[in-house]
Structure formats: C-alpha cells, structure tokens
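A short write-up of the structure that comes next.
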Amino acid sequence: MKTLRGLLLLALPLALSGCHTVLMSPSGDVALQQRDLIITSFVLMLLIVVPVIIATLVFAWRYRASNEKAHYDPNWDHSTIVELMIWSAPLLIIIALGAITWVSTHKLDPYRPLDRIAAGKVVPVDTKPLEVDVVALDWKWLFIYPEQNLAVVNELAAPVDRPIHFNLTASTVMNSFFIPALAGQIYAMPGMETTLQAVINKPGDYWGMSANYSGAGFSYMNFTFHGMSEDDFAKWVAQAKSHGDTLDQATYTALEAPSEKNPVQYYGSVTPGLYQSILNRCFQPGPSCMNMLRVPEPSGGGEASASSDSQGAMSMAHPQ
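Taking my numbering, the leading residue of the sequence shown gets 1, the next gets one more, and so forth.
Below, the structure written as structure tokens:
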C-alpha cells in the first residue's frame, strides 16, 4: 500500500502537468475583468460554505455520543437568533451577487464598445478599433480583415492595446468563438451576426478554439492568436498580403467544404462585400440572399424587401 501510495503521489504532478490556468491569468483586459468577477463570486459564496463546513465538523465533534458533557435539549425547536443567522447571511450574499451581476452584465456586454484598454487606461479618443470579420466553417476559422483587405484561415493577429471589434457568423451550424486569454466565448450562427469587443494587453501567442461541438472535425478547430506590437502587426499584414491568392466567391465556395486539420492559409486580397454575402447566405442554393427576401410591410399590405442597410441577416438582440 505504501508503494502504491508513493506511485500515486508521483503520478499526480504528471496528471496535472497538462493543466494551465489561462482563465485565471489572462492577457486581455476583458478576460481579466471576467476573472475578477469569477473570484469575487467565489469568495462571496465561500462566506457561506466555509462557516457551514466548520460548523458541521464542530457540531459533529461536540455532540458525539461519547461526549457526556454536551448539553442535550430534546425539546428545543426554535431560536430567533439562529433563524436570523441562517436567513440573513445568504440573503445579503444573494443581494450582493445580484448587484454585481447586474453591473457586470452591462459593463462586459460583448456588444458594448470598450471604454478602457486596461485598468486605469482609457481608450484614446482617436483610436479606431481593428475590424475583424470571423466566419466559423466546417472545421476551420476564416478571419477577414476588411481594412487591410486580406483573409487568413486558422490564424489571427492584432496589435497590443488596440481595441478589436469582431463580427461573427457561421457557414452551416452554430459554433462558439473562444480565446480564453482574450475574452469570453461568443456564439457564431449561420444567417446571424454576433459581436465581440476585446483587447489584448501583452504580446504573445495565444490559443483559440471552438467551444461548441459542431461535428466530426470539432477537435481540430483550433487556431493561434498573435498579440503583436504595431510594427510587428504591420509586418504580419505585409507578409499575409504578399500571397497572391484572392478570396473570391469561387475560392470561398471551395474553402467552405468540410475539412479537418487545415493549415494556415493566407489570401492577399478579398472580394468586396464577401463577408456580407456569407452573412446573408448568398452562396446557398435555393432562394436569393436573405437581405433580398420579401417580407410583409408593417401596414399589412403588400411586401417589402429587407433593408440591406440592416445587413439583411438577423443580428442578435442585446441591451442598448
């Protein structure tokens, strides 16, 4: 038994060696605020859990059968003080958690533009967020940079301390975009668009993943997110644009086909409006693009075409 116990103790570090605490030590301000929220909630709940565990052990020891000195009162049935302690403490903690949840739900709304890039550092007035259009494919990620006019498969990059504005959709099934070091996960759905605002504060290479099961190739739907300086990001853009391939409708249609373990692939230019065509499902057989579908007019008479200004596809509702 001693030998077995020793082997188990030696195996424990090996079993835990694959674990990492990126959620508890993120490199992006949004993820950092979410980490603080987790810790705060955990500590508040421990204010009840720890005293209850201690009281359980104390009562079990004090009122054990062998302790004849413990006072035994078989007719006891009520104590106002005990009732106040039992109900007031959890009630106060629930009120505190409710207040924290209300504030953080609005403060960390993924649709809400960032008002700071780090603790004590507000977003400069003249700073423009980096726009990235994200498409969840089977089973790979497509990132389109509209301002830089380039696209990349399974690789993402952004400058440090610059807000990032992600627009997300999917080609076939619902998926979930998640970079643990950057921000919380957010869903990507076909025919719909979601938004995520985030910022990375430390240079490095970070793991991105699909956090929603989407079929056979789900396990390989990972990518690398590079946090870079402005100069390094400019070099990365130049390198990506040096590839002569153009992401047009025909290229996207071939790329959209299900595939696994796709290598990083760069497209030096992108056909204008391609992301909107993907969002509006213009490449699908059958009816026209979603933004061209006919919908009943509010008055009930006739039909009207969906406005292209609203991007045609449905956007996820969120608090204003």
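Backbone N, C-alpha and C fix where the C-beta goes; we use that ideal spot for every residue, glycine too. Values in this document were obtained by computation on a predicted structure and should not be read as measured data.
- In this structure, Ser176 is the residue among Ala198, Pro180, Gly98 and Ser176 with its C-alpha nearest to the C-alpha of Met189.
- Taking 8 angstroms as the cut-off, the Cβ atoms of Val123 and Arg116 count as close.
- Secondary structure at Lys202: coil, using DSSP grouped into helix, strand and coil.
- Scanning its chain for C-beta atoms nearer than 6 angstroms, with the 5 sequence neighbours on each side dropped, one finds no residue around Ser88.
- About 22 angstroms separates the CB atoms of Asp133 and Gly217; that is not less than 8 angstroms, and the two are not in contact.
- Between the segment 144-151 and the segment 200-216, the count of Cβ pairs shorter than 8 angstroms is below three; the stretches do not touch.
- Membership of Ser277 in any beta strand (DSSP E) is not indicated; the residue belongs instead to the alpha helix (DSSP H) covering Leu274 to Leu279.
- In this chain, the alpha helix (DSSP H) harbouring Trp61 covers Asp29 to Arg62.
- His226: member of the beta strand (DSSP E) spanning Asn222 to Met228, first to last residue.
- In the DSSP secondary-structure assignment, Phe166 is bridged to Val132 and Leu196.
- Exclusion of the five residues before and after Leu97 leaves Ser41 and Leu44 as the residues of its chain whose Cβ lies within less than 7 angstroms of its Cβ.
- Taking the Cα positions, Glu83 is about 42 angstroms away from Pro110.
- In the three-state scheme derived from DSSP, where H, G and I count as helix and E and B as strand, Glu155 is classed as strand.
- For Gly184, the uninterrupted beta strand (DSSP E) run begins and ends at Ala183 to Ala188, by DSSP.
- Around the C-beta of Asn67, fewer than 16 other C-beta atoms lie within 10 Å, and the residue is accordingly described as exposed.
- Counting along the chain, no alpha helix (DSSP H) covers Ala118; the unbroken beta strand (DSSP E) around it starts and ends at Arg116 to Ala118.
- Here Tyr267 is buried. Its C-beta has 16 or more other C-beta atoms within 10 Å.
- If you draw a 10 Å sphere on the C-beta of Ser210, you find 16 or more other C-beta atoms in it, and that means buried.
- Bounds of the alpha helix (DSSP H) holding Gln249 are Gln249 to Glu256.
- Excluding sequence positions up to five before and after Gly28, its CB lies within less than 7 angstroms of the CB of Ala181, Leu182, Ala183, Ala198, Val199, Ile200 and Asn201, all in the same chain and listed in chain order.
- Using a Cβ-Cβ distance cut-off of 8 angstroms, the segment 250-264 and the segment 227-237 are not in contact, since fewer than three pairs of beta carbons, one from each stretch, lie closer than that value.
- In the three-state scheme derived from DSSP, where H, G and I count as helix and E and B as strand, Lys69 is classed as coil.
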